[in-house]
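Chains as they are written, first to last, in the working numbering: chain A, 2 to 402; chain B, 12 to 319.
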């Protein structure tokens with residue numbers, strides 16, 4: 002639902018960005034040597050890197066269907082200006098929503114961002130087209146750890162975009178005992194307080210409940226799922242807010258005190274309120290990876306390849322570190338940011354450098370997941386026909402009060 | 012009535028009928044394509060079956076309706092969806108009554124204001140509608156949240172008198188949903204009420220006074236009965252949308268308050284069960300229609316309140 006109204010919010014945001022841009026933003030050119038050429042500059046003052054290589058594009062539009070709050074404004078504007086293509090962005094807040102919109106058809110979207118477990122569903126239903134690797138110049142920059150995974154062997158259909166975890170988040174200023182496992186969240190002290198925030202996401206929420214019962218996070222066993230449903234119903238009174246758009250807002254504002262969220266939200270929440278901690282639960286955090294894919298009926302395939310080639314360039318993709326600090330599968334971006342020392346504004350509008358932003362990324366256990374937490378993490382996978390069972394249980398959990 | 016008027020026939024050429032049809036054509040087409048056809052599709056789908064990977068299988072049965080009633084599995088009665096329906100009805104009822112209670116004095120005030128001021132007051136009632144519905148709902152988060160406008164103000168007042176103050180836990184909550192519903196739909200009640208109240212002839216009040224009625228009597232025996240058509244029209248304009256809306260409960264209820272509108276919306280997106288969602292849609296429509304019909308039969312349909 003949310004995404005239908007997101008364009009409004011995005012519009013407001015864009016207006017705010019435009020206003021902010023009027024301030025004397027200090028963002029000198031990263032490459033001052035081509036002073037002869039007219040520089041392409043985003044509205045924030047960020048100097049757009051050149052496309053290397055610049056591919057042939059005849060489309061004048063590109064329709065993105067992406068997760069909420071997931072594309073840096075500078076990245077979007079730079080692509081528009083460098084390629085002269087208008088980018089239309091629509092946003093979703095669950096894979097299920099993405100699937101429903103693709104089912105509705107209409108050959109609308111050029112690029113979508115399914116999460117790992119949802120990729121096989123889209124492939125099975127024939128909704129994605131195979132990537133033409135000869136048209137992608139950025140493959141070498143990608144970290145092999147995020148490639149060739151079981152959900153898309155050989156990356157025939159997808160490219161990794163961002164990865165991260167779902168784990169426990171807690172405001173230690175408001176909560177005396179910090180939970181260390183998913184099961185801890187069921188403790189009366191948290192349930193009775195009723196101040197938890199959870200992702201409004203069926204697979205994740207049911208999945209972590211299965212973990213507390215010692216079951217496989219991808220079980221298709223009806224009895225186990227029924228048990229998980231009943232256990233989750235015990236937790237529901239403690240949940241004040243289900244939010245998959247921006248759970249950090251309520252945490253920062255003090256509306257909720259703890260719960261579960263994902264990497265980027267935790268990183269940004271902690272920046273705002275240092276007492277907020279991100280805890281990798283002992284049963285294992287949920288590890289996920291979002292990916293780009295091109296729908297089979299995409300109307301602007303050339304623009305889609307241009308977008309992938311341009312935005313995955315290290316000097317463009319590093320913007321993700323700045324704006325959406327998740328675990329970054331693009332080595333080229335990390336390498337670029339590690340050494341780039343020109344001045345940019347960070348996400349709070351303070352002067353910084355890509356190098357400083359890179360160091361904050363590497364130094365945070367939220368983005369740079371510790372080895373043991375990484376090894377302990379579990380992945381959600383496609384469960385095929387059992388999806389209907391999950392959906393049904395989810396409706397039953399969310400319907401009660 | 013039955014008297015032939017040949018002169019008129021000459022004045023109205025035979026093409027009038029065609030003009031009428033032509034004039035009605037755009038709306039008729041629009042309604043057919045955007046309302047009737049989709050409704051038919053939803054009606055058919057509501058009897059279909061969900062297939063693997065949420066395809067729709069046209070294998071007709073009453074299963075979706077049985078699931079809604081909670082009797083899909085023999086021998087058990089699952090009241091989940093019936094509870095959701097009752098919860099929605101109850102909220103719509105509460106909202107409508109509160110809107111009447113809040114709106115009536117205001118409508119009365121505007122209707123009795125000097126003629127030149129009325130437009131100004133009506134203008135003020137309508138101003139909030141210039142802002143998008145959803146943005147107004149989001150604004151309530153800012154007002155009601157833990158460190159929001161309301162709690163800051165209350166805290167400040169408490170501070171003035173040296174009283175202890177714990178911020179009210181208003182967002183997200185059922186109460187927040189109710190407050191926002193009342194706020195959102197208030198103008199739709201005030202306008203028809205105003206139309207009814209404004210039409211009451213001043214001489215009626217004079218007559219009531221002449222006959223010795225006090226203010227209380229005048230209100231209950233003159234003003235209120237004559238404003239009833241406005242209340243009836245306003246009730247319909249408020250009750251039906253509150254019954255079906257899902258945005259307010261989604262945003263201010265923390266996705267915790269599930270009304271029938273949320274149930275339906277979730278079936279089409281998150282739960283990917285459009286056939287069940289279709290059945291719920293049909294049930295909601297039938298239910299709303301039944302309540303509205305009963306209500307208008309009982310209180311009379313308020314056509315004049317719509318501004319005749």
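Each residue gets a CB set at the ideal place from its N, CA and C atoms; glycine is no exception. Quick caveat, the model's predicted, so the values are computed rather than measured.
Chain A within 9 angstroms of residue i, Cβ atoms only
| i | result |
| --- | --- |
| residue 169 of chain B | no |
| residue 159 of chain B | yes |
| residue 182 of chain B | yes |
| residue 195 of chain B | no |
| residue 147 of chain B | no |
| residue 325 of chain B | Nothing can be reported for residue 325 of chain B: it is not among the residues displayed for chain B, which extend from 12 to 319. |
| residue 348 of chain B | This structure cannot settle anything about residue 348 of chain B, because the visible part of chain B is limited to 12 through 319. |
| residue 269 of chain B | yes |
| residue 61 of chain B | yes |
Short CB-CB distance (under 9 angstroms) between residue i and chain B
| i | result |
| --- | --- |
| residue 170 of chain A | no |
| residue 243 of chain A | yes |
| residue 323 of chain A | no |
| residue 193 of chain A | no |
| residue 206 of chain A | no |
| residue 384 of chain A | no |
| residue 24 of chain A | For residue 24 of chain A, the pLDDT reaches just 40, beneath the cut-off of 50, and the residue's location in the model is therefore unreliable, although a value from the coordinates is still provided. No, because no Cβ of chain B sits closer than 9 angstroms to the Cβ of residue 24 of chain A. |
| residue 69 of chain A | no |
| residue 122 of chain A | yes |
| residue 357 of chain A | no |
Contacts that residue i makes with chain A (C-beta to C-beta distance below 9 angstroms)
| i | result |
| --- | --- |
| residue 211 of chain B | The premise fails here: residue 211 of chain B is roughly 41 angstroms from chain A at the closest Cβ pair, so nothing lies under 9 angstroms. |
Under 7 angstroms from the C-beta of residue i: neighbouring residues of chain B
| i | result |
| --- | --- |
| residue 273 of chain A | Going along chain B, no residue has its Cβ under 7 angstroms from residue 273 of chain A, so there is no contact; the nearest lies around 13 angstroms. |
| residue 104 of chain A | 65 |
| residue 389 of chain A | 61 |
Cβ-heavy atom distance, residue i to the ligand PLP, below 8 angstroms
| i | result |
| --- | --- |
| residue 199 of chain B | By its list of ligands, the structure shown contains no ligand whatsoever, and the ligand PLP lies outside what it can speak to. |
Neighbour flag for residue i against chain E, beta carbons, 9 angstroms
| i | result |
| --- | --- |
| residue 203 of chain A | Although the question refers to chain E, the structure presented lacks it and instead comprises the protein chains A and B. |
Residue i: first and last residue of the uninterrupted alpha helix (DSSP H) it sits in
| i | result |
| --- | --- |
| residue 364 of chain A | 355 to 364 |
| residue 282 of chain B | Looking at the DSSP string, residue 282 of chain B is not in any alpha helix (DSSP H), and its letter there is neither H nor E. |
| residue 190 of chain B | 185 to 209 |
| residue 291 of chain A | First-last for residue 291 of chain A: 287 to 294, but that is the beta strand (DSSP E), not the alpha helix (DSSP H). |
| residue 102 of chain A | 96 to 105 |
| residue 83 of chain A | 74 to 84 |
| residue 70 of chain A | Looking at the DSSP string, residue 70 of chain A is not in any alpha helix (DSSP H), and its letter there is neither H nor E. |
| residue 59 of chain A | From DSSP, residue 59 of chain A is part of no alpha helix (DSSP H); its letter is neither H nor E. |
| residue 121 of chain B | 91 to 123 |
| residue 265 of chain A | 264 to 273 |
Selection from the options that minimises the alpha carbon distance to residue i
| i | options | result |
| --- | --- | --- |
| residue 304 of chain A | A:71, A:76, A:73 and A:84 | A:84 |
| residue 295 of chain B | B:170, B:108, B:254 and B:262 | B:254 |
| residue 92 of chain A | A:390, A:138, A:69 and A:374 | A:69 |
| residue 257 of chain A | A:382, A:277 and A:299 | A:277 |
| residue 162 of chain B | A:289, A:340, A:255 and A:337 | A:255 |
| residue 283 of chain B | B:198, B:53 and B:65 | B:65 |
| residue 364 of chain A | A:379, A:120, A:327 and A:198 | A:327 |
| residue 316 of chain A | A:51, A:260, A:286 and A:125 | A:51 |
Interface partners of residue i on chain A, CB under 8 angstroms
| i | result |
| --- | --- |
| residue 274 of chain B | 396 and 400 |
| residue 279 of chain B | 101 |
| residue 105 of chain B | Near residue 105 of chain B there are no residues of chain A at all, since even the closest Cβ is about 15 angstroms away, more than 8 angstroms. |
| residue 266 of chain B | 201, 242, 243, 244 and 399 |
| residue 95 of chain B | 400 |
Limits of the unbroken beta strand (DSSP E) element including residue i
| i | result |
| --- | --- |
| residue 162 of chain A | 159 to 172 |
| residue 90 of chain A | 87 to 93 |
| residue 197 of chain A | 197 to 199 |
| residue 243 of chain A | 240 to 243 |
| residue 280 of chain A | 277 to 280 |
Chain A residues whose Cβ lies nearer than 7 angstroms to that of residue i
| i | result |
| --- | --- |
| residue 283 of chain B | 97, 100, 101 and 392 |
| residue 156 of chain B | 254 and 256 |
Under 8 angstroms from the C-beta of residue i: neighbouring residues of chain B
| i | result |
| --- | --- |
| residue 131 of chain A | Those do not exist, as residue 131 of chain A stays about 19 angstroms from chain B at its closest Cβ, beyond 8 angstroms. |
| residue 126 of chain A | 64 |
Exercise. Flag this pair as touching only if the region 271 to 281 of chain A and the region 187 to 200 of chain A have three or more C-beta atom pairs under 8 angstroms; answer yes or no.
Key: no
Quiz item: Do the region 64 to 83 of chain B and the region 229 to 237 of chain B meet, that is, are 3 or more Cβ pairs less than 8 angstroms apart?
Solution: no
Quiz item: Does the region 284 to 294 of chain A come close enough to the region 151 to 166 of chain A that 3 or more CB-CB pairs lie under 8 angstroms?
Solution: yes
Quiz item: Are the region 62 to 70 of chain A and the region 112 to 124 of chain A touching, with three or more C-beta to C-beta distances below 8 angstroms?
Solution: yes
Quiz item: Given 8 angstroms as the limit, is there contact between the region 299 to 314 of chain A and the region 48 to 62 of chain A, that is, 3 or more CB pairs closer than that?
Solution: yes
Practice problem: Would you check if there are 3 or more beta carbon pairs closer than 8 angstroms linking the region 98 to 109 of chain A to the region 139 to 154 of chain A? | Solution: no
Quiz item: If you pair each beta-carbon of the region 246 to 261 of chain B with each one of the region 100 to 113 of chain B, do three or more pairs fall below 8 angstroms?
Solution: yes
Self-check item: the region 164 to 183 of chain A / the region 228 to 236 of chain A touching (three or more Cβ pairs under 8 angstroms)
Solution: no
Exercise. Tell me, please, whether the region 205 to 216 of chain B touches the region 121 to 140 of chain B by the rule of three or more beta-carbon pairs shorter than 8 angstroms.
Key: yes
Practice problem: Decide yes or no for the touch test of the region 344 to 358 of chain A against the region 162 to 179 of chain A: beta carbon pairs closer than 8 angstroms, at least 3 of them. | Solution: no
Quiz item: Is the number of C-beta pairs between the region 379 to 390 of chain A and the region 259 to 271 of chain B that are closer than 8 angstroms three or more?
Solution: no
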